[in-house]
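Asks:
Protein chains: 4
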Amino acid sequence: METPGSAPQPARPRRQRWDAARNRERILQVAAPAFAQGGAGVDMREVARLAGVGVGTLYRHFHTKEDLLQAVVQQDVAAWTEAVTRANATEDAWTGLAALLEATLTTMARHRALLDGLAAQPEADSAAAFDACRDHLERAVADLVARAHAQGTLRADVTPADLVLQVMALGRVIQLTAPGNGRSPADADATWRRHLTVVLDGLRARGGA
Amino acid sequence: METPGSAPQPARPRRQRWDAARNRERILQVAAPAFAQGGAGVDMREVARLAGVGVGTLYRHFHTKEDLLQAVVQQDVAAWTEAVTRANATEDAWTGLAALLEATLTTMARHRALLDGLAAQPEADSAAAFDACRDHLERAVADLVARAHAQGTLRADVTPADLVLQVMALGRVIQLTAPGNGRSPADADATWRRHLTVVLDGLRARGGA
Amino acid sequence: METPGSAPQPARPRRQRWDAARNRERILQVAAPAFAQGGAGVDMREVARLAGVGVGTLYRHFHTKEDLLQAVVQQDVAAWTEAVTRANATEDAWTGLAALLEATLTTMARHRALLDGLAAQPEADSAAAFDACRDHLERAVADLVARAHAQGTLRADVTPADLVLQVMALGRVIQLTAPGNGRSPADADATWRRHLTVVLDGLRARGGA
Amino acid sequence: METPGSAPQPARPRRQRWDAARNRERILQVAAPAFAQGGAGVDMREVARLAGVGVGTLYRHFHTKEDLLQAVVQQDVAAWTEAVTRANATEDAWTGLAALLEATLTTMARHRALLDGLAAQPEADSAAAFDACRDHLERAVADLVARAHAQGTLRADVTPADLVLQVMALGRVIQLTAPGNGRSPADADATWRRHLTVVLDGLRARGGA
DNA sequence: GATGAATGAGGATTCATTCAT
DNA sequence: GATGAATGAATCCTCATTCAT
Chain A
1 METPGSAPQP ARPRRQRWDA ARNRERILQV AAPAFAQGGA GVDMREVARL
51 AGVGVGTLYR HFHTKEDLLQ AVVQQDVAAW TEAVTRANAT EDAWTGLAAL
101 LEATLTTMAR HRALLDGLAA QPEADSAAAF DACRDHLERA VADLVARAHA
151 QGTLRADVTP ADLVLQVMAL GRVIQLTAPG NGRSPADADA TWRRHLTVVL
201 DGLRARGGA
Chain B
1 METPGSAPQP ARPRRQRWDA ARNRERILQV AAPAFAQGGA GVDMREVARL
51 AGVGVGTLYR HFHTKEDLLQ AVVQQDVAAW TEAVTRANAT EDAWTGLAAL
101 LEATLTTMAR HRALLDGLAA QPEADSAAAF DACRDHLERA VADLVARAHA
151 QGTLRADVTP ADLVLQVMAL GRVIQLTAPG NGRSPADADA TWRRHLTVVL
201 DGLRARGGA
Chain C
1 METPGSAPQP ARPRRQRWDA ARNRERILQV AAPAFAQGGA GVDMREVARL
51 AGVGVGTLYR HFHTKEDLLQ AVVQQDVAAW TEAVTRANAT EDAWTGLAAL
101 LEATLTTMAR HRALLDGLAA QPEADSAAAF DACRDHLERA VADLVARAHA
151 QGTLRADVTP ADLVLQVMAL GRVIQLTAPG NGRSPADADA TWRRHLTVVL
201 DGLRARGGA
Chain D
1 METPGSAPQP ARPRRQRWDA ARNRERILQV AAPAFAQGGA GVDMREVARL
51 AGVGVGTLYR HFHTKEDLLQ AVVQQDVAAW TEAVTRANAT EDAWTGLAAL
101 LEATLTTMAR HRALLDGLAA QPEADSAAAF DACRDHLERA VADLVARAHA
151 QGTLRADVTP ADLVLQVMAL GRVIQLTAPG NGRSPADADA TWRRHLTVVL
201 DGLRARGGA
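Protein chains in written order, with UniProt numbering: chain A, 1 to 209; chain B, 1 to 209; chain C, 1 to 209; chain D, 1 to 209.
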């Protein structure tokens with residue numbers, strides 16, 4: 001029904017089978033900002049509409065809303081984990097750590113602070129799964145923290161869990177200063193970076209102290 | 001608002017007034033932790049039940065759920081404002097500021113991080129009202145920040161808005177480490193205090209800088 | 001807003017509180033024939049509409065569809081239980097038994113064979129509750145059956161459970177011959193009574209056998 | 001059903017035909033018990049899965065769910081019709097009739113009482129088609145009933161329609177006592193046979209009456 | 001003023017059916 | 001012809017809000 005021509009066609013006619021995987025991507029891509037903006041209360045119909053698919057398709061890919069939320073979180077966790085790996089490869093643990101935080105927050109800012117959005121309801125059904133993510137992250141930064149402690153660059157009383165919490169706290173700053181609330185993107189960016197500087201300064205081991 | 005008349009009233013109207021005020025208090029008292037725990041999704045019926053009143057009474061005092069949420073926020077804002085007043089009376093702005101943050105967070109920890117819970121949906125209908133609160137708070141700390149800057153104890157690039165944001169960010173830490181998630185109250189307390197120390201250290205003007 | 005006149009008013013204005021109980025009745029009354037006719041698949045909205053209430057009210061009285069179905073069954077079970085009591089008071093067990101079956105089926109015919117409708121899905125979630133009903137009924141007729149056996153009027157191999165099954169089987173006849181399928185009410189009535197006669201004849205202990 | 005031709009065919013078209021027929025059989029075979037167990041509410045996807053085909057294939061063979069239901073009913077009607085033919089060949093109409101009922105119920109017990117399951121919703125869209133089946137069956141037993149009446153072995157007031165109803169009523173007994181509900185297969189079998197005996201006894205013309 | 005029953009729009013989820021591959 | 005992904009109407013249930021008592 002379609003002669004494989006050499007010219008790049010308008011893409012429409014050859015839809016469907018290969019699109020299945022594409023749809024999953026599309027859904028995740030729209031779901032992340034949607035949940036970040038509207039919270040977990042966003043209508044599944046709206047998510048489907050944003051992704052340009054029917055609700056049925058949405059539910060084929062994610063059995064429940066909870067599943068979709070989980071998947072979106074996983075996405076950000078993956079990003080963070082990757083960043084941690086990069087950080088671990090850095091000689092100076094403190095430099096790695098600072099870069100890690102910066103990279104993570106940049107991602108969150110771009111992704112509309114998803115992790116943040118989810119963490120907002122620690123009592124939800126997803127609590128267990130979410131805790132698992134947190135544990136995973138904590139283990140991932142444990143080495144980095146240990147090295148920084150050994151190198152004497154990180155406050156002695158800071159734990160891996162603290163770092164994860166700090167990221168989430170800064171995520172909140174990103175969320176609250178999101179451009180669109182009357183703030184320019186540049187302002188928003190400058191604000192969370194300023195906060196990050198403050199926090200990093202606080203995290204740094206004091207010479208004399 | 002009512003001059004105690006000299007005539008011996010039938011006692012009825014007075015009593016009603018008193019009950020009504022009582023109910024309003026009760027509702028606010030139970031609503032704060034309820035929203036903090038369950039998010040804005042808590043059922044109004046549940047709030048009414050917790051307060052020991054009927055839904056009708058709840059709605060007599062707060063016309064919409066939004067109104068109730070606002071009132072609950074106002075409560076915390078009031079607490080914060082009061083703390084700001086005390087801080088302003090302090091000679092050394094930095095000391096006042098540190099005490100202010102500590103007091104505010106203690107209140108939030110006790111109130112289950114209500115402000116925090118609400119800030120989670122900056123896109124909600126309450127956005128305007130919420131922004132108003134923020135503005136109010138920012139103005140309230142403006143003097144304190146100015147004095148600290150003048151006294152050279154606070155980082156030059158920190159704005160009043162930043163302080164409010166920091167409080168909210170730390171509120172998130174409180175929320176995420178809430179006792180009950182498998183953490184002891186003492187742990188929870190220690191955690192946010194540690195974070196506060198870090199942040200205060202970061203906020204402090206560096207000698208050389 | 002309403003002067004308590006002496007004349008019987010059109011009933012409309014003084015609705016509500018006392019109506020609460022009334023509504024439950026109304027719902028049960030319309031639900032029975034609705035389920036009998038349309039099976040368990042009937043839309044709850046339709047039931048509500050038939051009862052002249054909103055869905056909310058329906059759900060206030062019956063937490064789930066399952067609950068409503070149960071309640072409807074209980075209704076018929078109650079009718080049957082009452083009939084059993086009357087039958088137990090009869091001197092001649094056989095006469096009582098015959099009257100019991102006749103009375104029960106008359107009720108079922110009037111109620112549009114509800115019990116029948118429900119029994120159609122023995123695998124449904126309500127299985128446990130339904131089995132409980134059946135057990136209850138079986139115990140209820142046990143005495144009657146024992147007496148009939150002792151008086152030599154009932155086939156020796158017939159058990160209480162058999163009687164319950166027979167009623168359900170005849171309920172199916174009632175259902176299949178329901179007036180409206182092109183049959184007159186008189187026809188429908190005559191048909192199940194004919195079947196009852198046949199069955200009673202079959203249940204009667206044969207002189208020689 | 002297919003004479004092996006002498007010419008060396010391309011094998012393709014033939015094969016397809018065979019597969020198609022095979023699929024139709026498979027679908028009917030799994031659909032019958034599926035509907036009997038789960039009622040008409042069974043998911044088409046589930047039927048397809050049980051048959052080991054895709055939904056598309058299912059829909060190629062049966063345009064709508066209704067069609068599939070009809071086809072399943074036809075299957076049982078065919079079985080019954082065949083049994084009627086055998087019964088008609090019997091000299092003594094009563095013997096034939098008794099054998100007919102027994103054979104029919106045995107089939108139903110084996111097929112998980114499909115007819116029964118379907119008859120449960122006489123108001124469904126399939127009403128017309130179902131009535132047609134019933135008419136067909138009634139005509140089929142009409143001769144047998146007439147002969148039995150003439151031979152004085154069947155109650156005078158029993159009609160062909162009554163026999164069909166009795167079969168369905170007994171089908172209900174089979175369904176309600178289905179093994180698996182905590183009953184052994186032997187028990188289930190014994191129960192419906194006991195009921196059949198009772199009914200046959202009731203159907204038999206009384207000598208004196 | 002207080003109460004809680006009633007309301008119904010709205011949201012999550014299922015499932016018959018279509019259609020590109 | 002077979003497949004199974006996509007679709008969206010339909011269904012159960014929740015919950016903010018109103019209003020008769």
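Quick reminder that beta carbons are idealized off the backbone N, C-alpha and C, glycines included.
Please read all numbers here as calculations on a predicted model, not as lab measurements.
Just the C-alpha distance for B:Y59 and B:G202, rounded to the nearest angstrom, thanks.
Replies: The residue you call residue 59 of chain B lines up with position 59 of the second sequence. The residue you call residue 202 of chain B lines up with position 202 of the second sequence. Going by the C-alpha atoms only, they are around 45 Å apart.
Asks: From D:Q29 to A:G52, what distance separates their C-alpha atoms?
Replies: Here residue 29 of chain D refers to the residue found at position 29 when the fourth sequence is read from its first residue. Here residue 52 of chain A refers to the residue found at position 52 when the first sequence is read from its first residue. Roughly 39 Å separates the two Cα atoms.
Asks: In whole angstroms, give me the CA-to-CA distance for A:M168 and A:A87.
Replies: Translated into positions along the first sequence, residue 168 of chain A becomes position 168. Translated into positions along the first sequence, residue 87 of chain A becomes position 87. Just so you know, the alpha carbons of A:M168 and A:A87 end up roughly 18 Å apart.
Asks: Have a look at the DSSP bridge pairing and note the partners of residue 231 of chain D.
Replies: An answer regarding residue 231 of chain D cannot be provided, because it is not within the stretch 1 to 209 covered by chain D.
Asks: Are there 16 or more other CB atoms within 10 angstroms of the CB of A:A93, so buried, or fewer, so exposed?
Replies: Within the first sequence, residue 93 of chain A is the residue found at index 93, counting from 1. Buried, by the Cβ-count rule.
Asks: How about D:A169: is its C-beta nearer than 7 Å to some C-beta of chain C?
Replies: Within the fourth sequence, numbered from 1, the residue matching residue 169 of chain D stands at position 169. With 7 Å as the cut-off, D:A169 counts as an interface residue toward chain C.
Asks: Using beta-carbon positions only, say whether A:R172 and B:R172 come within less than 7 Å of one another.
Replies: Position 172 of the first sequence, counting from 1, holds the residue named residue 172 of chain A. Position 172 of the second sequence, counting from 1, holds the residue named residue 172 of chain B. For A:R172 and B:R172, yes; Cβs fall inside 7 Å.
Asks: Measure from the alpha carbon of A:L69 to the alpha carbon of each residue in A:F35, A:T107, A:A186, then state which is nearest.
Replies: Stepping through the first sequence from its first residue, residue 69 of chain A is reached at position 69. For A:L69, the nearest C-alpha among the options comes from A:F35.
Asks: CA-CA distance, C:H149 and B:E46?
Replies: Position 149 of the third sequence, counted from the start, is the residue given in the question as residue 149 of chain C. Position 46 of the second sequence, counted from the start, is the residue given in the question as residue 46 of chain B. Distance between the alpha carbons of C:H149 and B:E46 is about 58 Å.
Asks: Using a threshold of 7 Å, state whether the C-beta atoms of A:A205 and A:T159 are closer than that.
Replies: Walking along the first sequence from the start, residue 205 of chain A turns up at place 205. Walking along the first sequence from the start, residue 159 of chain A turns up at place 159. Not closer than 7 Å, so no.
Asks: Quick one: is D:L165 near chain C, going by C-beta distance under 7 Å?
Replies: Mapped onto the fourth sequence, residue 165 of chain D falls at position 165. It does: the Cβ of D:L165 has a partner Cβ on chain C nearer than 7 Å.
Asks: Please confirm whether B:V199 has its beta-carbon closer than 7 Å to some beta-carbon of chain A.
Replies: The sequence position of residue 199 of chain B within the second sequence is 199, counting from 1. For B:V199, the answer is yes, since a Cβ of chain A falls inside 7 Å of its Cβ.
Asks: Just the Cα atoms here: how many angstroms apart are D:M108 and D:F62?
Replies: Counted from its first residue, the fourth sequence places residue 108 of chain D at position 108. Counted from its first residue, the fourth sequence places residue 62 of chain D at position 62. When rounded, the distance between both Cα atoms is 23 Å.
Asks: Go through its chain and collect everything with a Cβ distance to A:L50's Cβ below 7 Å, but skip five positions before and after it.
Replies: Position 50 of the first sequence, counted from the first residue, corresponds to residue 50 of chain A. Within the same chain, A:L50 has close Cβ partners V30, A34.
Asks: Is there a Cβ of chain A sitting closer than 7 Å to that of B:L154, yes or no?
Replies: Start at 1 with the first residue of the second sequence, and residue 154 of chain B comes out as number 154. By this cut-off, B:L154 is not an interface position.
Asks: Measuring only between beta-carbons, confirm whether B:V42 sits less than 7 Å from chain A.
Replies: Position 42 of the second sequence, counted from the first residue, corresponds to residue 42 of chain B. No, B:V42 lies away from the interface with chain A (no Cβ there is under 7 Å from its Cβ).
Asks: Give me the Cα-Cα distance between C:E102 and C:R193, rounded to the nearest whole angstrom.
Replies: Here residue 102 of chain C refers to the residue found at position 102 of the third sequence. Here residue 193 of chain C refers to the residue found at position 193 of the third sequence. Taking the straight line joining both Cα atoms gives about 8 Å.
Asks: Within 10 angstroms of its Cβ, does D:W80 collect 16 or more other Cβ (buried), or is it exposed?
Replies: Position 80 of the fourth sequence holds residue 80 of chain D. Buried, by the Cβ-count rule.
Asks: Under 7 Å, Cβ to Cβ, is there at least one residue of chain D near C:G96?
Replies: On the third sequence, residue 96 of chain C is found 96 positions in, with the first residue counted as 1. Not an interface residue.
Asks: Using DSSP with H/G/I as helix, E/B as strand and the rest coil, what is B:F62?
Replies: Here residue 62 of chain B is taken as the residue at index 62 of the second sequence, counted from 1. In the structure shown, B:F62 sits in coil (DSSP, three-state: anything other than H, G, I, E or B).
Asks: Assuming A:V84 contacts A:V145 (C-beta within less than 8 Å), just tell me the rounded distance between them.
Replies: Numbered from its first residue, the first sequence carries residue 84 of chain A at position 84. Numbered from its first residue, the first sequence carries residue 145 of chain A at position 145. So it is not a contact: roughly 11 Å between Cβ atoms.
Asks: Pick out whichever of B:V198, B:E82, B:L137 has its Cα sitting closest to the Cα of B:L163.
Replies: The sequence position of residue 163 of chain B within the second sequence is 163, counting from 1. The candidate whose alpha carbon is nearest that of B:L163 is B:L137.
Asks: Would DSSP call C:A54 helix, strand or coil?
Replies: Here the question's residue 54 of chain C lines up with position 54 in the third sequence. One point to set straight first is that residue 54 of chain C is Gly, not Ala, in the sequence displayed. Here C:G54 sits in coil by DSSP.
Asks: What do you get for D:R147, buried or exposed, if any count of 16 or more other CB atoms within 10 angstroms of its CB means buried?
Replies: Here residue 147 of chain D refers to the residue found at position 147 of the fourth sequence. Buried, since its Cβ has 16 or more Cβ neighbours within 10 Å.
Asks: Considering only their Cβ atoms, is the gap separating C:A40 from C:V72 smaller than 7 Å?
Replies: In the third sequence, counting from the first residue as 1, residue 72 of chain C sits at position 72. In the third sequence, counting from the first residue as 1, residue 40 of chain C sits at position 40. No, the pair does not count as a contact, with Cβ atoms beyond the cut-off.
Asks: Given a limit of 9 Å on CB to CB distance, which residues of the UniProt domain "HTH tetR-type" (21-80) of chain B reach chain A?
Replies: Per Cβ criterion, the list reads Q37, G38, G39, A40, G41.
Asks: Return no unless some Cβ of chain C is closer than 7 Å to the Cβ of D:R172.
Replies: Locating residue 172 of chain D in the fourth sequence gives position 172, counting from the first residue. Cβ-Cβ to chain C under 7 Å: yes for D:R172.
Asks: Using only alpha-carbon positions, find the residue among D:A188, D:T104, D:A99 that is nearest to D:A78.
Replies: In the fourth sequence, counting from the first residue as 1, residue 78 of chain D sits at position 78. With distances taken between Cα atoms, D:A78 lies closest to D:T104.
Asks: What whole-angstrom Cβ distance do A:A186 and A:A178 have, given they're in contact under 8 Å?
Replies: Against the first sequence, residue 186 of chain A aligns to sequence position 186. Against the first sequence, residue 178 of chain A aligns to sequence position 178. About 13 Å separates the two Cβ atoms, so there is no contact after all.
Asks: Cβ closer than 7 Å: which chain A residues qualify as neighbours of B:H149?
Replies: In the second sequence, residue 149 of chain B corresponds to position 149, counting from 1. Neighbours of B:H149 on chain A: none; closest Cβ ~15 Å, over 7 Å.
Asks: Would the beta-carbon of A:T57 fall within 7 Å of that of A:N23?
Replies: Here residue 57 of chain A refers to the residue found at position 57 when the first sequence is read from its first residue. Here residue 23 of chain A refers to the residue found at position 23 when the first sequence is read from its first residue. In contact: A:T57 and A:N23 (Cβ atoms closer than 7 Å).
Asks: Work out the CA separation of A:V42 and B:E123 for me, nearest whole Å.
Replies: Working through the second sequence from its first residue, we reach residue 123 of chain B at position 123. Working through the first sequence from its first residue, we reach residue 42 of chain A at position 42. With a pLDDT of 44 at B:E123, under the threshold of 50, the modelled position of this residue cannot be trusted; read the value that follows with caution. Taking the straight line from one Cα to the other gives about 12 Å.
Asks: Note down the Cα distance separating C:V198 from C:D143, rounded to an integer number of angstroms.
Replies: Counting from one through the third sequence, the residue named residue 198 of chain C turns up at place 198. Counting from one through the third sequence, the residue named residue 143 of chain C turns up at place 143. Their Cα atoms are separated by approximately 23 Å.
Asks: Using the three-state DSSP reduction, which class does A:E82 fall into: helix, strand or coil?
Replies: If you number the first sequence from 1, residue 82 of chain A lands on position 82. Correct three-state label for A:E82: helix.
Asks: Which value, in whole angstroms, describes the spacing of the CA atoms of A:A120 and D:L170?
Replies: Taking the first sequence and counting its residues from 1, the one referred to as residue 120 of chain A is at position 120. Taking the fourth sequence and counting its residues from 1, the one referred to as residue 170 of chain D is at position 170. Here A:A120 scores only 49 on pLDDT, less than 50, and its place in the model is too uncertain to base an answer on.
Asks: Exposed or buried, what is A:G54 when buried is set at 16 or more other beta-carbons lying within 10 Å of its beta-carbon?
Replies: Within the first sequence, numbered from 1, the residue matching residue 54 of chain A stands at position 54. Exposed.
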